[in-house]
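Number of protein chains: 4
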Amino acid sequence: MCEQLSEVSVDDKLNEECGVFGIIDYDGNDVTRRICYGLGALQHRGQESAGMAVSDTNGPKGNIMYHKDMGLVSEVFRDETLNGLSGNIGVGHVRYSTTGSSSKFNAQPFVLNYLKGTLALVHNGNITNSEELKYELANEGIVFHGTSDSEVIAYKLVRTRIRSATIEEAVAKVAAELKGGYAIIAMSPRKIVGIRDPFGIKPLCLGKLENGYVLASESCALTVAGAEFVRDIEPGEIITITQDGIKSDISLKSEKRAHCIFEYIYFARLDSKMDGINVYDARINGGRALARRYPVDVDIVSGVPDSGLIAAEGYAKELGIPFELVFQKNSYVGRTFIKPTQEERTRAVHLKLSVLESVVKGKRLVLVDDSIVRGTTMANLVKMLRKAGAKEVHVRISSPPFLYPCYYGTDIPSNSQLIANSLSPEEICEKIGADSLGYMQIEDLETMTKDLPLCKACFDNNYII
Amino acid sequence: MCEQLSEVSVDDKLNEECGVFGIIDYDGNDVTRRICYGLGALQHRGQESAGMAVSDTNGPKGNIMYHKDMGLVSEVFRDETLNGLSGNIGVGHVRYSTTGSSSKFNAQPFVLNYLKGTLALVHNGNITNSEELKYELANEGIVFHGTSDSEVIAYKLVRTRIRSATIEEAVAKVAAELKGGYAIIAMSPRKIVGIRDPFGIKPLCLGKLENGYVLASESCALTVAGAEFVRDIEPGEIITITQDGIKSDISLKSEKRAHCIFEYIYFARLDSKMDGINVYDARINGGRALARRYPVDVDIVSGVPDSGLIAAEGYAKELGIPFELVFQKNSYVGRTFIKPTQEERTRAVHLKLSVLESVVKGKRLVLVDDSIVRGTTMANLVKMLRKAGAKEVHVRISSPPFLYPCYYGTDIPSNSQLIANSLSPEEICEKIGADSLGYMQIEDLETMTKDLPLCKACFDNNYII
Amino acid sequence: MCEQLSEVSVDDKLNEECGVFGIIDYDGNDVTRRICYGLGALQHRGQESAGMAVSDTNGPKGNIMYHKDMGLVSEVFRDETLNGLSGNIGVGHVRYSTTGSSSKFNAQPFVLNYLKGTLALVHNGNITNSEELKYELANEGIVFHGTSDSEVIAYKLVRTRIRSATIEEAVAKVAAELKGGYAIIAMSPRKIVGIRDPFGIKPLCLGKLENGYVLASESCALTVAGAEFVRDIEPGEIITITQDGIKSDISLKSEKRAHCIFEYIYFARLDSKMDGINVYDARINGGRALARRYPVDVDIVSGVPDSGLIAAEGYAKELGIPFELVFQKNSYVGRTFIKPTQEERTRAVHLKLSVLESVVKGKRLVLVDDSIVRGTTMANLVKMLRKAGAKEVHVRISSPPFLYPCYYGTDIPSNSQLIANSLSPEEICEKIGADSLGYMQIEDLETMTKDLPLCKACFDNNYII
Amino acid sequence: MCEQLSEVSVDDKLNEECGVFGIIDYDGNDVTRRICYGLGALQHRGQESAGMAVSDTNGPKGNIMYHKDMGLVSEVFRDETLNGLSGNIGVGHVRYSTTGSSSKFNAQPFVLNYLKGTLALVHNGNITNSEELKYELANEGIVFHGTSDSEVIAYKLVRTRIRSATIEEAVAKVAAELKGGYAIIAMSPRKIVGIRDPFGIKPLCLGKLENGYVLASESCALTVAGAEFVRDIEPGEIITITQDGIKSDISLKSEKRAHCIFEYIYFARLDSKMDGINVYDARINGGRALARRYPVDVDIVSGVPDSGLIAAEGYAKELGIPFELVFQKNSYVGRTFIKPTQEERTRAVHLKLSVLESVVKGKRLVLVDDSIVRGTTMANLVKMLRKAGAKEVHVRISSPPFLYPCYYGTDIPSNSQLIANSLSPEEICEKIGADSLGYMQIEDLETMTKDLPLCKACFDNNYII
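Residue numbers (the numbering used here), protein chains in the order written: chain A, 1 to 465; chain B, 1001 to 1465; chain C, 2001 to 2465; chain D, 3001 to 3465.
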C-alpha cells in the first residue's frame, strides 16, 4: 500500500510519515547498533533516508556525532560507518519517500551547533503553522537548507534554547507554539526529550532497557533494541530522560484526543501496540466488520501481500471460509528496480506478484486489500486471477475511500489521482473488473480500535484543529 | 531457508545454485529489459551476482556486449547501464552466494573473444569431472581467472568450437564429456544453444514470445518476459534457436532420469512448473503427507515465512485446522544489514521475524519449515512463540534430514554444521525446545512429485552417477 | 613554497589564503566554463576546495545554482557537473589547504536561502573581529556549519540584507563592521558586489568582457576568462555590477594603505599585475637586491623550482652569471602521492626534485628559494647538489625571515616550527650545510614594489590595525 | 610534447610507450612503496594506467598479488590500496595514454594463473610480429581480453613455460620468436627475469639495492627506490634475478644496435642516463647544434615548458645569449581539466601557458621546442608572444620533422595530422607566424649521442628490421 501511495503522491513538500527513535543506556554501553536495529524495525515508516546522532554522556561536553544519508537503514549504515560513531545516548530517524521533497537536506536528525552547544532533533508528523514559524525565524536571519517543517522546529528550538535554562524548558516553549500532529525527540549531548502532540495524532512509546530507556514511534522497535514496552507517551506529554532518570511534564495535555486511524489501517506494523490497541487485532477486527457488512459465498479468501493479508484473515474467520495465499510475492523487486516503460507496466506487476494457479483455478474468491488509489494495480490483479481460472473475484477494501486531505502528516495523493474522487464504488467495481466491491464503512472503523478517540478527517472531513 | 544455508555453508568452491535465461526476438526488438525482468523472477536462485550478454542478429558479426557485477539484479542493472546495452538476442545469469567462492571473476556470463569470434555462456549446476577438464585445458596454456566450473566449460567450448563447424556441434562435443547436473545456455552473436544434463537433474524450460523464444531455469521467468510456457527441455536435449527457428538434438538423451527433489522442496518458486509438476502443489502435498505421518491436535497451523508457509497450508488442510500467519517478517532486512555481534544474535532474529502475540497467546500450534540446518534459528523461534504465550509448539519439517553431500550443484553445508548429523530427531526436538518434531519421510517424497524419477541422494546416499 | 608551508602549518582555523572570482555577461552567454577557467588560473591560491554559484539574470527570481567540493578545480568540475549548471552571472572560489580546518563545510561559495531570496558569497582574507561577530549572530540563533570566518560574513550579510534596501547597501553596512584584510564578492541572482578591505591588504581587480565584467583576485585569471584588465579595485571600494553597469561606492576608503608583501614574494602568479606592480618584475628586482646585498663568485645561479626560479634569474642578471636549471621537477607528484614513511622522507624529496648532474658537477653555484620553513627540505637539496659534485653551494632566500604572526589571512606556521625563530642565519647556514646563506633584508623589500605602501608585519612586527 | 602528441594521436592499437620496473629485496623488506616511488619517477613514460604485482619469496608458493587501474600512480595507489599488498619482490608498469586503445584490459602487469603457478609480466615496446603470434595462440583456444601485444607475449610465455624447466628458459624461447623493440620484465613468485630487444631499441637498466636489485626503464627510477645505477642491460641480454643472485644469458645478442633517438629527444627524463649518454647532455648538445645550424641575433633565448627548455639552454649557451623563462606554466591544468569547446581552444592555451610580458616586451627572441605536430599550439604561442610585445619570434625545433611511421613502439600520429607531411618548413614558418624556423638536421642528431648507433627510421625511413 505504501508503495502504491508513493508512486502517485506528488508534491506537498511538508507532508511526510516517518519513524523516530531515541535511546539512553545508563551503563555507558554503545547504542549505535541498537539504534540501527530500532530503525530497521521502523523501516516500514520511511525508506527515503535514515540517520542517527549519538553522544557520550560521560564524554567532553557538546560532542554529538551523526551520520545520515538517502537510502534504507541497511544502505546508510554499513559496519565501517558504524565504527566511526559511538555513544551511550542517541536518536535516529527514518524518512518516508515522497516524490518532490526527496532531498538529502531533509534527511534527519538535524544536528545544529549553536551558541550553547549542540542539539539534535528527529520528528514525525506535520506542523500546520510551520509557515508562520518559518517566516518569523527567517526574519531574524535564519537560513533553511531544506524544505521540511522538521528543520523549522529545529531552528525554533535552537533560538528558544538560547534564552531558556534547559532543553526541556525550550521544548515546552516551542511545543506551546506548534499546531498539528507530531512526535519529536530532541537530544542534547546528555539528555533526550520526547514530546507527543496534545491530541495524540502521532504515536510515541517508552521502553525500558536493563539500565536505560528507549523512545520509539512504535513498540515493534523496542524488542530489537533490547527494551521492554512500558507505556505510550501521553498526548501532550514532555518526557525528559537523563542519567538521573525520567521526568514528565504534562502541562500541554489536552482533553481532546484524536488518534490517527491510518496507523491501524496500514502505517503501523502488525506486531506493534499503540494506545492500548494491537495493530494485528485492529486489522483482524476490520476484516471481520467488512465480512459482516459485505459477506459473500466464496471458496477461499485471500489478500494482497502484504498489506491486505491480515484483514483477509479476519474476513475469512468471520465467515468460516478458508484463508489461503494466492499470490507469490517477489521480495527482491523493490524501490530500485528499473522503471517499466509504458508497454512493460503490466509485466512489472507480474514481476512483483504472480498468481498461484493451482489455488485459484475454478475457485470463487474474495481478495482483500487496504485501499485503492488509482485502481490500475487492482484491475491488473483481478485480471491475473481471472486468467488463472478464478470463477469469481470479489474485492473488499479494509478502509473507507479517502476523500479529504490530511493536515497532520499523512501523505495522501492529490484528489485528481484518487479513483474514489471521480467514481462511485459501483463504477470502481466495474473499472477494476471485480464481481463485487465492498469498502469498509466509516462507522465500522470503531470496531478496529474499540473506544479509542480517532481522527478520521480524511474520510469524514471532521478535523480536530 | 536459502539464507540459513548460505550463512553456514563454507567452502567447496565449485558448488553453486544459479538461474539461467536466454532470449531471441525475431522481430528485432531490444531484449535487455526483458532479460532484467526474467532475471528478476529468477533472483531467488542466486543473489551474489547478475549479468547479461546481448547481441544484435542483424548487426555486424561478432559484436556481443555484456555487463555483470556482484549484487542483485536491481543493483547490477540500473537504467543508465541498460542504456549502454542493446540487442535482440541475449543470455542472462544470477549466481548463488556461497561463502568463499564469492568473487567477481565467477560472475556470469563468461564472454570470450576467440579465434572465430565471440561467445557467451551461462551455467547452472555442477560438473563432477571439471578438475580433469581443467587440467587438460591448463596444460595447453589456458589461463583461468576465476574458480568456477562454469569457466572451465566456457574455455572447453571455445577450444572445441575452433575445430567444429557450428556452435551447436561444439556444444554437443563438450556435453558428451561433461559429467554432473547442469543447464547451460551458450550464445554466439546470432544463436542461442541450450542444453540440459541427460538425467534432468537441473531444470530448463522453453517459452514462446509473439515472435521469438525464451529459455529459462524456471517457468516463473517466462511471463514477466512476455513469453508463454511451451515445454521443459528434455534431459540430454540440445536445443538451438536461431533466426530460422528451433532445432533439437537428442543424441545425448539417457534412459535414466533423476530430477532434483530440492527444486520442489525449496529452490524453485511456488508459481513455477517443472517437468509436469507445479511447485506449489508439490509443497501442499508434502505438507499433507507430513500431516498424515505426524498429525497432532492443535489450534492453529503456521509456517516460517516464507519457506515454510505453503507446506504449512497443506498440513492445515489435511487436518482441517486453521492456517494462520504467526510471524511479522521484516522484508527490509536482507543480505546487507549490519552483522550482529554474538551478543546481538538473538535480537537479530527478532529483527527479521517477530511474533504476532494476539494470534499465539494461549494457543497450541504447529510450526512448519522446510529444513533445519544448525537448529539455532528454530530454537529461537520456538522460544519467541513460547514467550508470546503459545501453550504448545510442534515443529514439522517438510524435508527429510539431509545427511549426504550433493555432487550436482546443491550447496549443502559440511557435515559438522548439520545438526542432523550429530543428533537424533528426539535430541533435536529437545534442543530446539519443541513439544514434538516430525521430519518428512523419504518414502513420502514421492507424494510431492507423483511418479517423477527423483534424485534424493542427499537423503538416501543413492547417487545416479 | 606553498606546499612546504602547508605541510607544517597547523591549527588557527580562521586563517586562509584563497582566490575569488566573479563574472557577469550582459549578452546572456553561459559563464560556468569561464568561471572554471578563471579558477584554474587562480588554483595556485588554494588547492583544498573549489566551487561556483551561478544564476541567470533573465531567469526566474532567486534561482542560484551551485556546486562545491574538496579538491582541485579539475577534480570538482567535470563536464557532467558543468552540464548541470548554467547562468550568465556567477562567482567562484578556490580555497587554500591548511591542516586542521580542512572540511567540506568550509568550501565556498556559501549559498544561503533567506527571507528575501538567495545570496552567494566568496571571500579571501581574514577578519580579525570575526569572533565577536560570530557571538552576536549565534546569540540570535544563527547556526554555523563550518569554522571559517567567511561563513560568519555570509550570515552577517543575510541578517543585514533583511533590513536593507539592496545587497550593496547591506555589503556596505557589513563592511563597516569588519576588521582585517579581505576581498569579498557577494552575489544576488542578478548582481555581483565586490569589496576590498580599506588598506588594500588583499588584492582584487576588474576586467572587461566584450559585454560584461569580471572580478578576480589576480589579473592572471582575466585572460583565460576572455577579459581584459581594467584596473585594481580601490582599497575600501564597493563595486556593484548589474545588467545596468558598474557602480562604485568609496565611502569606506581609508588614507592608510598596506599591501601584503607576500603576494609579491610568492602568493601571486608571475604573470599577474597588482596595484601597478608586475609580480615578475618584483621577483626579478628582489633577486637583484639580494645579489647586491650578498654577492658571491660562482659559476652558475639556479633556483628551487618553481618558487625560487625568477628571483634566481634576477640574482643571475645582476651579477652577470649564467642562470641554469639544476633540478628536474616531477610534476606528477603532487598533493595526493602516498605519504612517505619516516625512512622514505629523503627518497620522497628525490621523487619531487632530482639533480641534473651534468650541470652541477664541479661547479660553484648559488641556489635561490623564496623562504626556509623548517630547513629540512633545503638541507636535503644542498646535500643532493653536493652529492652530484657541486663544489660550492650558496643559498639565497628572497624574503626576510618571518618572525611574527599574520592576522590578515596568511597562514604562517607556528613559531616552534619556524627555523628562523630558534636559529640565527649563521646557525641555519650550518644546519642546511650551505657554504653561505643570505636572506633578503627588510629594507630591500621596497626595491620589489617601488613606492607601494606595504604590510610587512610578519617581518617587522608593525601591524596596521 | 607528450601531451601534444596524445591529443592528436589516434588509433594504432598496438603502439605504446611505457615504463617498466622490477625489484627484489634479499633482506625480505616490503617493496610495494618502492615500486610506487619508482613508477612515480617513470610517470612521464605513461599516464593512462599503472599497476604492480608483488610476491613474497619466503611465502607460500605461487602467491602473486596485484593491483592495476586506469590513472596516474598517485590515483591508482593510495595508502589503503598499498596496505593490501605486500612482498619483497615485484614488478610495476605505467602505460602511455593513446586514444583508442585506452582500456583497463590493457593495463599491466598481466598476472596469469596457469598450470604451474602464477606469473606476471610488464612490457614496454612493440612487437612487429604479434599478429602471427596471436593467431597461433588463438588457434589453440587462447582467449585475449585486451588488444595489446603485451598480452600476447604474456600468454605466449605461459604456454611456453608449461613445457620449459624454468621461467628464464621460457623467456629465452619466447624472445627468440619476438621481433621489434622491447623491454620486458617477467616475474614468477620467486624470480624476476628482464630482457631487452637485441638492437637495444628500448631501454632497460640495472640498479643495486643495499641487498637486492632493481630493473627499470630509466635510471631516474633507481634513486627514489633506494638503488644505485649499475649498468644498462645489454641489447639481447636476458637477466635473471633470484634470491641466489644475478644470472645473465646473452645468447640473443646481436651485432647490430639501434637505440631509439626519441628517448633522448623527449621520452626519457633529463636526469636519466641511457647507454652511456646523459639525456640532459644530449639535449644541451642538440640545442647547441641547432644554434650552429640556425644562429640568429636575438636578445633572449627561451623554450616551451617543459619540453623545450633544455635545448633552449643549449642554444643560448652556444651563442652566448641569455636564457630566460618567458612563460608561466600552470601545473594544475593536466589531463583531466574540462575539455575546451572550439571557441575556448585559444583560451585553453592561455590556461596552460601565459606570457611573462615584462621579459618579452620589445625583445627579439628565439623560442625552442622539441617538435611541431599540427602547428596550432605553436601558432598560438607565437601569437601570444607578439601580443605581449615581442619584436621578433624565431622558432627552433630540436628534432627533425618526423615523416615515417615507427614500428617499434613510438606512437607517431597519422600522416594526415602531421603538419610536416603537407607543408615545407617555409610554409610551416608562415603558418605559425614566426620570423624564422629551423629544424634540427638529421646529420646533427649524432651530436646529441656521440657515436651511439641510433634508430632514426621515423626521420630517414631506414628501418633496422
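Built from N, CA and C at the ideal position, the CB exists for glycine as well.
Identify each residue in the stretch 109-140 of chain A for which the Cβ-Cβ distance to at least one residue of chain C is less than 8 Å, and report them in chain order.
Leu112, Asn113, Tyr114, Leu115, Tyr135, Leu137, Ala138, Asn139, Glu140
What is the C-beta distance between Gly303/A and Ala291/A, in whole angstroms, given that I count them as a contact (C-beta under 8 Å)?
Not quite, the Cβ-Cβ distance comes to about 13 Å (not below 8 Å), so this is no contact.
The stretch 1142-1163 of chain B: which residues have C-beta closer than 7 Å to a C-beta of chain D, in chain order?
Ile1142, Val1143, Phe1144, Tyr1155, Val1158, Arg1159, Ile1162
At the level of alpha carbons, what is the spacing between Glu1210/B and Tyr1408/B?
35 Å
Name the residue from Asp1056/B, Lys1431/B, Ser1254/B, Glu1169/B whose alpha carbon lies nearest to the alpha carbon of Gly1028/B.
Asp1056/B
Relative to the C-alpha of Lys1339/B, which candidate in Pro60/A, Leu319/A, Glu430/A, Asp79/A has its C-alpha closest?
Asp79/A
Note down, one range per segment and in chain order, each beta strand (DSSP E) of at least 3 residues found wholly within the stretch 3032-3093 of chain D.
3049-3055, 3064-3070
Give every residue of the same chain whose Cβ lies closer than 7 Å to the Cβ of Lys1391/B, excluding the five residues on either side of it in the sequence, and list them in chain order.
Gly1362, Lys1363, Arg1364
Against chain A, does Ile1024/B count as a neighbour if the rule is that its beta carbon must be under 7 Å from one of theirs?
no
7 Å is my cut-off, CB to CB: does Gln3342/D come that close to chain C?
no
Going straight from the alpha carbon of Lys2256/C to that of Glu2228/C, what length do you get?
29 Å
State the Cα-Cα distance for the pair Asp2069/C and Arg288/A, rounded to the nearest angstrom.
58 Å
What alpha helix (DSSP H) runs, 4 residues minimum, are completely inside the stretch 238-323 of chain A?
279-293, 309-319
For Thr1341/B, count neighbouring C-beta atoms within 10 Å of its own C-beta (all shown protein chains included) and say buried if the count is 16 or more, exposed if not.
exposed
Measure the alpha-carbon distance for Ala1434/B versus Cys220/A and round it to whole angstroms.
25 Å
Whose Cβ in chain A lies nearer than 8 Å to the Cβ of Thr1223/B?
Arg347, His350, Ser354
Just the Cα atoms here: how many angstroms apart are Asp2460/C and Ala3053/D?
55 Å
Partner residues on chain C for Lys3339/D, Cβ-Cβ distance less than 9 Å
Asp2079
Would you mind reading off the limits of the beta strand (DSSP E) that contains Arg2161/C?
From DSSP, Arg2161/C is part of no beta strand (DSSP E) but of the alpha helix (DSSP H) over 2149-2162.
On the premise that Glu1313/B lies in contact with Glu430/A, defined as a C-beta separation below 8 Å, what is that separation, rounded to the nearest angstrom?
Not confirmed; about 33 Å, so no contact.
Presumed contact (8 Å Cβ cut-off) between Ala1172/B and Ser1251/B, rounded CB distance:
7 Å
Can you tell me whether Ile1238/B is buried or exposed, with buried defined as 16 or more other CB within 10 angstroms of its CB?
buried
If we ignore side chains and look at the alpha-carbon of each, how far apart do Tyr2266/C and Tyr2439/C end up?
15 Å
Taking Ile2023/C as the reference, which of Asn2330/C, Glu2168/C, Gly2194/C, Asp2275/C has the closest Cα?
Gly2194/C
For Asn1139/B and Ile3162/D, believed in contact at Cβ under 8 Å, the rounded distance:
6 Å
Backbone secondary structure at Leu2137/C - three-state DSSP
helix
Can you grab the Cα-Cα spacing for the pair Gly2059/C / Gly2040/C, in whole Å?
27 Å
Closest to Phe3327/D by C-alpha separation, out of Leu3356/D, Leu3319/D, Ile3300/D, would be which residue?
Leu3356/D
Which whole-angstrom value is the C-beta distance of Glu344/A and Arg1033/B, which I expect to be below 8 Å?
7 Å
At a CB distance below 9 Å, what residues from the stretch 305-319 of chain A approach chain B? Give them in sequence order.
Asp306, Leu309, Ile310, Glu313, Ala316, Lys317
Alpha carbon to alpha carbon, how far is Glu1426/B from Tyr213/A? Give it in angstroms, no decimals.
42 Å
Who does Thr2964/D pair with in a DSSP beta bridge?
For chain D, the structure presents residues 3001 to 3465; residue 2964/D sits outside this window and is missing.
What does a CB cutoff of less than 6 Å around Ala1225/B pick up in its chain, not counting 5 residues either side in sequence?
Arg1034, Tyr1037, Gly1038, Val1214
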